[in-house]
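Report on the following structure.
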Amino acid sequence: MTAVKAGDVEGLVRRGPDPRIAVVLVYGPDTGLVADRAARLVRGMVADPDDPFALIKIDGDTLAADPGRLVDEAGTVGLFGGSRTIWVRSGSRNYAPAVDAVLKAPTEGARIVVEAGDLARSAPLRTLCEGSAKALALPCYPDDERTLADLIERTLQEDGLRIDRDARDLLAGSLGSDRRASLSEIGKLALYARGQGSVGVEDVEAIVSDVGASVLNALIDAAFAGRAGEAEREYRRFRHEGMDPSAMLGAGLRHALTLLSLRLDNPRGSASQLVANWRGLHFRRKALAETQLSRWSAPGLQQAVAWLQDAVLACRRSEPDLAHAQAQGVFLRIAIEASRRRG
-3 MTAVKAGDVE GLVRRGPDPR IAVVLVYGPD TGLVADRAAR LVRGMVADPD DPFALIKIDG
57 DTLAADPGRL VDEAGTVGLF GGSRTIWVRS GSRNYAPAVD AVLKAPTEGA RIVVEAGDLA
117 RSAPLRTLCE GSAKALALPC YPDDERTLAD LIERTLQEDG LRIDRDARDL LAGSLGSDRR
177 ASLSEIGKLA LYARGQGSVG VEDVEAIVSD VGASVLNALI DAAFAGRAGE AEREYRRFRH
237 EGMDPSAMLG AGLRHALTLL SLRLDNPRGS ASQLVANWRG LHFRRKALAE TQLSRWSAPG
297 LQQAVAWLQD AVLACRRSEP DLAHAQAQGV FLRIAIEASR RRG
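Mind the numbering: the sequence shown is residues -3 to 339 in our numbering, read in order.
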């Protein structure tokens, strides 16, 4: 049997599986974690991920319709020699026969990474890989406290950042169990702290904290949709109610980073496509979100992020009245810039 315990999977992914293993099945209920670990395995197997002869990507449903294709791809020699890596993406149909066929055939040094969803113990794909000496089955369950801490440190290190222990613990406590959502939040933090060298508690609070975020949606949506008059009225209302300017700026910065992440993930996507990928967005905000994404490009959002970052720092060093003037000025600047852009 070659099933791997859930607690041992992260270390195995980091080290890389034995080169003699032909098929690595990555499965589990956390689709974000499955995708992340599969991608890391592939990066460790391929010298150049952009080389179409070295890395072949196949959809699971394609294999279900043509089970023999996986054997053919595994047995094909690359144009310039060397081993090939095949990345099978999860599908809605049963492609276990394709994996069964490749496990029974000589693979000529090919490495195959297979993504799957939450597989029962008796699922054909899982039993095949757990029962073969040529395969590994890696279960992916929601992140616990230890794996979240490791994920935070490793992801930030890739951007040249260190994180204080208190800041790491605060961030881990604010993240959920979904790997894709966690990576999105850590990515926002990395963008915010880029060039600082280290991340502290204040940085985490500025980006990840949800305090007052839902209350401030009216102000933020008005600004990024180009409605300057509405943004000014909303700001005055929140100031009158005693809202801290740093809290307003922090919420605006998180929103800008969310828009930027959506734009960077799908540069050519339409506004409606990007909104469809926005997890947790309330249905009543979708129309305004589409307006915002249709007006803002990635470079424009990067500029807006810079304005908000500068304002956050300035507010920390200013008296309350001056801090409010700075914060209000930034929201109006964003609204005016958005109004100039074509929707």
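Where is the CB? At the ideal position from N, CA and C, for every residue including glycine.
Alpha carbon to alpha carbon, what distance is there between residue j and residue i?
i           : j           : result
residue 110 : residue 177 : 22 Å
residue 250 : residue 143 : 24 Å
residue 288 : residue 258 : 12 Å
residue 121 : residue 147 : 28 Å
residue 283 : residue 277 : 11 Å
residue 70  : residue 294 : 39 Å
residue 253 : residue 231 : 20 Å
residue 42  : residue 56  : 20 Å
residue 67  : residue 101 : 7 Å
residue 156 : residue 193 : 7 Å
residue 318 : residue 312 : 10 Å
residue 31  : residue 53  : 13 Å
residue 4   : residue 220 : 45 Å
residue 218 : residue 238 : 20 Å
residue 299 : residue 275 : 24 Å
residue 47  : residue 304 : 39 Å
residue 80  : residue 72  : 8 Å
residue 226 : residue 65  : 58 Å
residue 264 : residue 128 : 42 Å
residue 14  : residue 191 : 37 Å
residue 19  : residue 119 : 16 Å
residue 285 : residue 63  : 42 Å
residue 316 : residue 325 : 14 Å
By alpha-carbon positions, which one of the options ends up nearest to residue i?
i           : options               : result
residue 138 : 129, 171, 125 and 159 : 171
residue 332 : 295, 306, 119 and 291 : 291
residue 117 : 24, 59 and 150        : 24
residue 91  : 21, 141 and 48        : 21
residue 234 : 273, 323 and 329      : 323
residue 85  : 113, 105 and 107      : 113
residue 228 : 87, 80, 320 and 19    : 320
residue 189 : 326, 306 and 62       : 306
residue 17  : 265, 130, 226 and 326 : 130
residue 213 : 64, 327, 316 and 65   : 327
Just to confirm my understanding: we take residue i, look at its own chain, exclude 5 residues before and 5 after, and list those with CB closer than 7 Å. What are they?
i           : result
residue 240 : none
residue 9   : 33, 36 and 37
residue 1   : none
residue 308 : 202, 242, 245, 246 and 249
residue 223 : 331
residue 260 : 294
residue 216 : 247, 248 and 251
residue 166 : 197 and 200
residue 297 : 252, 255, 256 and 259
residue 96  : 124
residue 281 : 213 and 217
Note down, in chain order, each residue of its chain lying with its Cβ closer than 6 Å to the Cβ of residue i, except the 5 sequence neighbours on either side.
i           : result
residue 196 : 160 and 163
residue 12  : 40
residue 350 : Nothing in the structure corresponds to residue 350, since the chain is present only between -3 and 339.
residue 337 : 291
residue 158 : 194
Just checking residue i against the ligand PLP - is the residue's beta carbon closer than 7 Å to any of the ligand's heavy atoms?
i          : result
residue 90 : Within the structure as shown, the ligand PLP is missing, as the structure has no ligands at all.
Between residue i and residue j, how many whole angstroms is the CB-CB distance? I'm expecting something under 8 Å.
i           : j           : result
residue 50  : residue 44  : 6 Å
residue 132 : residue 94  : About 17 Å; that fails the 8 Å criterion.
residue 99  : residue 124 : 7 Å
residue 28  : residue 174 : 5 Å
residue 168 : residue 149 : In fact, because the Cβ distance is near 10 Å, the residues do not count as touching under 8 Å.
Counting C-beta neighbours from all protein chains within 10 Å, is the total for residue i 16 or more, i.e. buried, or is it exposed?
i           : result
residue 279 : exposed
residue 135 : buried
residue 302 : exposed
residue 236 : exposed
residue 89  : exposed
residue 154 : exposed
residue 267 : buried
residue 26  : buried
residue 107 : buried
residue 104 : exposed
residue 61  : exposed
Tell me which residues share the same chain as residue i and place their Cβ nearer than 8 Å to its Cβ, disregarding the 5 neighbours each side in the sequence.
i           : result
residue 419 : Lying before the first or after the last residue shown, residue 419 is absent from the chain, which here runs from -3 to 339.
residue 262 : 269, 270 and 273
residue 314 : 322
residue 335 : 222, 223 and 224
residue 310 : 319 and 322
residue 329 : 303
residue 145 : 164, 165 and 168
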